[in-house]
Structure formats: structure tokens, C-alpha cells
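If you read the sequences in order, they're chains P and F.
The first sequence lines up with residues 1 to 261 when you count with this note's numbering.
The second sequence lines up with residues 262 to 522 when you count with this note's numbering.
Beta carbons are placed, not taken as given, at the ideal position from N, Cα and C, and that holds for glycine.
The structure displayed is predicted, hence computed values, not measured ones.
The structure under discussion appears below in the form of C-alpha cells.
Number of protein chains: 2
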Amino acid sequence: MSRSISVALTPSGLAPECELHQACSIIIDVLRATSVMTTAGLAGAKRMITCENIHAAFEIADQSDSERADQPPSRPLLCGERHCKPIDGFDLGNSPAEYTPDRVVGRDIVLTTTNGTRAIQAAMRSRRLLAASFLNLAATVAAVESEPHLQIVCAGTNGQISYEDVLLAGAIIDRLNESGSGPGEPTDHLDDSARIAWSAWRQSLTPARALEESLALSLGGRNLIEAGYTSDIGRCAQIDTIDGIAERVDPGKAVFRFVKR
Amino acid sequence: MSRSISVALTPSGLAPECELHQACSIIIDVLRATSVMTTAGLAGAKRMITCENIHAAFEIADQSDSERADQPPSRPLLCGERHCKPIDGFDLGNSPAEYTPDRVVGRDIVLTTTNGTRAIQAAMRSRRLLAASFLNLAATVAAVESEPHLQIVCAGTNGQISYEDVLLAGAIIDRLNESGSGPGEPTDHLDDSARIAWSAWRQSLTPARALEESLALSLGGRNLIEAGYTSDIGRCAQIDTIDGIAERVDPGKAVFRFVKR
């Protein structure tokens, strides 16, 4: 099968003519929103609801709370960050390390972050919507390999292109093409940004450089280091440690469930 | 010297915080505006005046005409394209092949194109402003190698990232770093988009693929082929055939002169 793969290096790079309603879209925010969603999913979070602002997050939690006043543990956990830091009054920040089974198992999570949840919103019209990270690269590839129209959306950092997200976009393209023509030219139809992302990934491997070092060089990585979250870079640089993916449940709603392979 | 290199993969990718007034900016529209400017410069064009729309081009020409009514040959040549095609009432289109010495020597040129002249406008506040192409890659590198703050602006195609411009951005970065650390990691400080562009260039060379083939794959290349200008791709894929560069003369005015090395 020859598939088409388009990449938006930031959400605003989504081409006006792209037909999202026919596409399976993959959202990437390596540092850290989609790594968090993947980690929280594995840890047993029931649903992950993403929203763009703090006010909306409180509203969703309050609504859910009043619906189920008899079941106090079902109140959603408020999660996310602003300027990399936890948000006042929220339960969890945006570090994958916080999303342990004892904290999240069976709980709904309401997540708002600076870049990742905005990228999800930008691609909401997609037919399918998935959240990818290096942690679940193989599961991502498995989930989309029979899709003819793939749209990858890199969250970027504050509107700017961010190397770490572009690397993962390239890694997904590279894996999808592994079964094709071998290490040379991809067999899929790539748009220009997809070709560029693929190049960035291929080039990052020569000379041998650990993924963690590449992520530390990136705009997202430098911001995390500055904010004191250096160890999260290593956590998000693990490849294929989680065998499942967070996928949107209903079209039009930013509600995700973790699907094990 | 450690220099900083930033790349805007499209003009709208110029970071809000970038300090253009301190930067030396390099405008890239490989297919074809900056290749045309380089070719016209070598062919002896006196000044190259770029503008964003057809109306402004006619105004500039008329104004210049009335100033020098006694010297008819000094009327500027109206040059450019819309949708890759020549513009009604204009003297020359946007193919480098048209810019021969017998047509342009000693003449002013007024150029308006879909993407290239807009990129120039977006970077107008720069301290220095140069027009680069593969034709004059070595001259470009020589012109900027002592600049501490380089801003490369890729014109792209109709607002989208275009592979051919990103390749040249990467080639410039690669050449600037050749004298540094060798083939491995650049010694310059690269922003994320600069690193991505550099990767695209490095990767385009393996496995060995002629630059012309890479340009033909690009968004700009595909558009040119569709419009019937396939041979221009080969013309713009020559490396280091012209030893000079078009540089803006006065800050704030889009007037360029070709400077031989």
C-alpha cells in the first residue's frame, strides 16, 4: 500500500487544503503532553480529557463531580502545566513521573498544557486522533499502518518548530517505511515537511547520538532544563517501553482512552 | 568565532523575539526568485527592486520613467510571475534563462513574485539583506562568514514549507561549519529549525542523489513541472556557477545590487 503522509511542523502549519476529516492524525508533544498521556494510560487512567485552558479544566472537573456526588473517587484529576510548571489548585503537573498507578488507576484525567492540548484542538476534525510519544513508537506505527492518509501534527513550543517533535514525526515515517524499500528512499508519498522530518530523524542517528542528547538540544528540552525538569527528558527519550496508545473515543470530543495492543 | 544561525522555514516562522535589526538575513527562494536575482546580477542588471504586488511594480517603473524621460533605455524592466507564469504587460517572467546580458545589462529590474519578494519584505528590518541561491552558494557563505547573527528566511510556497528552500538553508549552514568541526556536529549555535534544515541537506546527499532530483521532488519543483518550467529546475540546481551576490543597498528599501567577489 502506498500511503500519503503529511506533517505540520507546528499546528499552524496544517495546510489549508488538508482534508482532516479523511485523515488519521497523530499528535506529537514529546516534551511532555503526549508522553504523559501514554504514561497515564499505561498506569490505568480511565479517560483522558484534554482542554485548552485552566478555566475549562475546572469546569469539566466540577461538572463531573456534581454528576457523581455519590462516588467521590471518580472526580477527575486536574493535570497540566503552564511555563512547564504545575498549575495552582491542580492535582498533577506535566511530568510523566507523577503518573503512577497508585495516583491515576481508574481515574479520569483532565489535562491542559501549553502546546500539546492546543495541537489536539487544531486537529479535532480528524477522522481518527491519536497521541504519540517515543515511549509508544511501535504501538503508534501498529495503530496507523493501514491508514491511507496520515496527518502528523507536531505541537512545537509556543508556536515555534521544536526539534524533538520533528524527530518523532521522522521516526514514525521511518518505521512505517521499514517494511517497504529498506533504508533508502521512503515508499510512502511524503509532503515536503514529512520529508524534512524524516531527514531530521535519519540524520540524528549519525554519528551515533543518544536520543536523550538530541532531545536536550531541542527548544522543548532547553526549556525543561531551565525549569528544573532535566530528568523528564530521559523519561521521554525511552523508545518502545509502552505497548499501547491513547486514542480519541468520540469524534468532536477531546476524550481519549488508552488502547493496549 | 561561534555564530548563531536561525532559520525561518517560511516567512511566518520568523520568531517574534528575533532581533532582525541586529541580524544579517539571507533570503532563499531557490525556485526561482533568488536564482533569478543572482542570474540577473551576473548578467549586468544595474539595480534589482523587489515589490510585493503588480500595481507597485508598474508605479515604480512609471516613476523612474518620468524621472529620466531623456534616457529611454533606463526604464526599468518589469519582471516576475504569478502562478509561475509571466505577468501581462511585463517584460520578463521568472525564469533564469530569460535574464541574458543582452536583455538586462545596465538596466534596472523591478521584480515581483509570489513567494520570494514577500520573504524579502518580511525581513526588511534586517541590518543586512542578501539573496541566496545554489548558483552562488560559495559567494553567499563568503559574504556572511564573519556575521555573528545570521537569520535565514526560506520563502516557501504559498505559505507552506518547501523542501528546496530548506535544502539550501542547510547547505549554507553546512558550508559555514566546514571550517569548524568537520563533518560531525556544527560548531555554530543553531536554533531548532536551523538544525532541521542542516539535517535535510546532509540527508539529501545519502544515498547519492543529484540536487536536481531533490528539487524536482519539492513543492516548488512539482509546481514548476506542472506549469511547464521543468528545465528551470536544472538551471537552479547548479552549485557555485556564479561568484557574487545580490545585496540590499539601503536599509528600508528593497533595492539590491549584485556584488562580485
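So residue i contacts chain F; which residues on that side make the cut at Cβ distance below 8 Å?
{"i": "S204 of chain P", "result": "S460"}
{"i": "V166 of chain P", "result": "D453, I457"}
Below 9 Å on C-beta distance, what does residue i contact in chain F?
{"i": "L47 of chain P", "result": "The residue asked about is misnamed: residue 47 of chain P is Arg in this sequence, not Leu. Residues of chain F passing the Cβ test: none, with the nearest at roughly 33 Å."}
{"i": "S218 of chain P", "result": "D453, R456"}
So if DSSP puts residue i in a beta bridge, which residue, or which two residues, is it bridged to?
{"i": "T373 of chain F", "result": "F:G341"}
{"i": "R509 of chain F", "result": "F:F517"}
{"i": "K85 of chain P", "result": "P:R82"}
{"i": "L130 of chain P", "result": "P:I26, P:E247"}
{"i": "Q296 of chain P", "result": "Shown here, chain P extends from 1 to 261; a query on residue 296 of chain P therefore has no answer."}
{"i": "T418 of chain F", "result": "F:Q421"}
{"i": "T311 of chain F", "result": "F:L372"}
{"i": "V7 of chain P", "result": "P:I152"}
{"i": "L451 of chain F", "result": "F:I266"}
{"i": "T92 of chain P", "result": "Correcting the residue type first, residue 92 of chain P is Leu in the shown sequence and not Thr. The partner list for L92 of chain P (beta bridge, DSSP) reads P:C79."}
Write down the C-beta distance between residue i and residue j rounded to the nearest angstrom, noting that I regard them as a contact closer than 8 Å.
{"i": "L485 of chain F", "j": "L292 of chain F", "result": "6 Å"}
{"i": "P251 of chain P", "j": "A119 of chain P", "result": "Incorrect: roughly 17 Å between the Cβ atoms, too far for contact."}
{"i": "V268 of chain F", "j": "A404 of chain F", "result": "Incorrect: roughly 17 Å between the Cβ atoms, too far for contact."}
{"i": "G377 of chain F", "j": "L270 of chain F", "result": "Actually they are not in contact, since the Cβ atoms of G377 of chain F and L270 of chain F sit about 15 Å apart, beyond 8 Å."}
{"i": "L219 of chain P", "j": "D323 of chain F", "result": "Actually they are not in contact, since the Cβ atoms of L219 of chain P and D323 of chain F sit about 47 Å apart, beyond 8 Å."}
{"i": "A246 of chain P", "j": "G41 of chain P", "result": "5 Å"}
{"i": "R308 of chain F", "j": "F517 of chain F", "result": "7 Å"}
{"i": "D501 of chain F", "j": "L398 of chain F", "result": "6 Å"}
{"i": "I310 of chain F", "j": "P337 of chain F", "result": "7 Å"}
{"i": "T114 of chain P", "j": "N158 of chain P", "result": "7 Å"}
{"i": "G44 of chain P", "j": "A139 of chain P", "result": "Contact doesn't hold; Cβ gap of about 16 Å is too wide."}
So with CB distances below 9 Å, who are the chain P contacts of residue i?
{"i": "Y360 of chain F", "result": "Ordered by position in chain P, no residue passes the 9 Å Cβ test against Y360 of chain F, which lies about 27 Å from the chain."}
Report the neighbours of residue i on chain P: residues whose CB is nearer than 7 Å to its CB, in chain order.
{"i": "Q412 of chain F", "result": "Those within 7 Å of Q412 of chain F in chain P number zero; the least Cβ separation is about 14 Å."}
Who are the neighbours of residue i on chain P, taking C-beta pairs under 8 Å?
{"i": "Y424 of chain F", "result": "D192, R195, I196"}
{"i": "A276 of chain F", "result": "Q160"}
Segment contact flag, the segment 230-241 of chain P with the segment 113-131 of chain P, C-beta cutoff 8 Å, min 3 pairs:
no
Using a Cβ distance threshold of 8 Å, determine whether the segment 301-318 of chain F contacts the segment 407-423 of chain F, with at least three qualifying pairs required.
no
Taking one C-beta from the segment 14-26 of chain P and one from the segment 111-125 of chain P each time, how about it: are there three or more such pairs within less than 8 Å?
yes
Determine, using beta-carbon pairs with one atom in the segment 350-364 of chain F and one in the segment 472-483 of chain F, whether at least three such pairs fall under 8 Å.
no
Could you say if the segment 451-459 of chain F and the segment 426-434 of chain F meet the contact criterion of at least three C-beta pairs nearer than 8 Å?
The segment 426-434 of chain F and the segment 451-459 of chain F touch, with three or more beta-carbon pairs separated by less than 8 Å.
Return the residues of the segment 283-294 of chain F that lie within a Cβ-Cβ distance of less than 8 Å from chain P, sorted by chain order.
none
Counting only Cβ-Cβ distances shorter than 7 Å, please list the residues of the segment 262-273 of chain F near chain P, keeping chain order.
L270
Segment contact, 8 Å Cβ cut-off, at least three pairs: the segment 360-377 of chain F with the segment 339-350 of chain F
yes
Spell out a yes or no on whether the segment 393-407 of chain F and the segment 291-307 of chain F are touching, meaning 3 or more CB-CB pairs, one atom from each, closer than 8 Å.
Taking one beta carbon from each stretch, the segment 393-407 of chain F and the segment 291-307 of chain F have 3 or more pairs nearer than 8 Å; the two touch.
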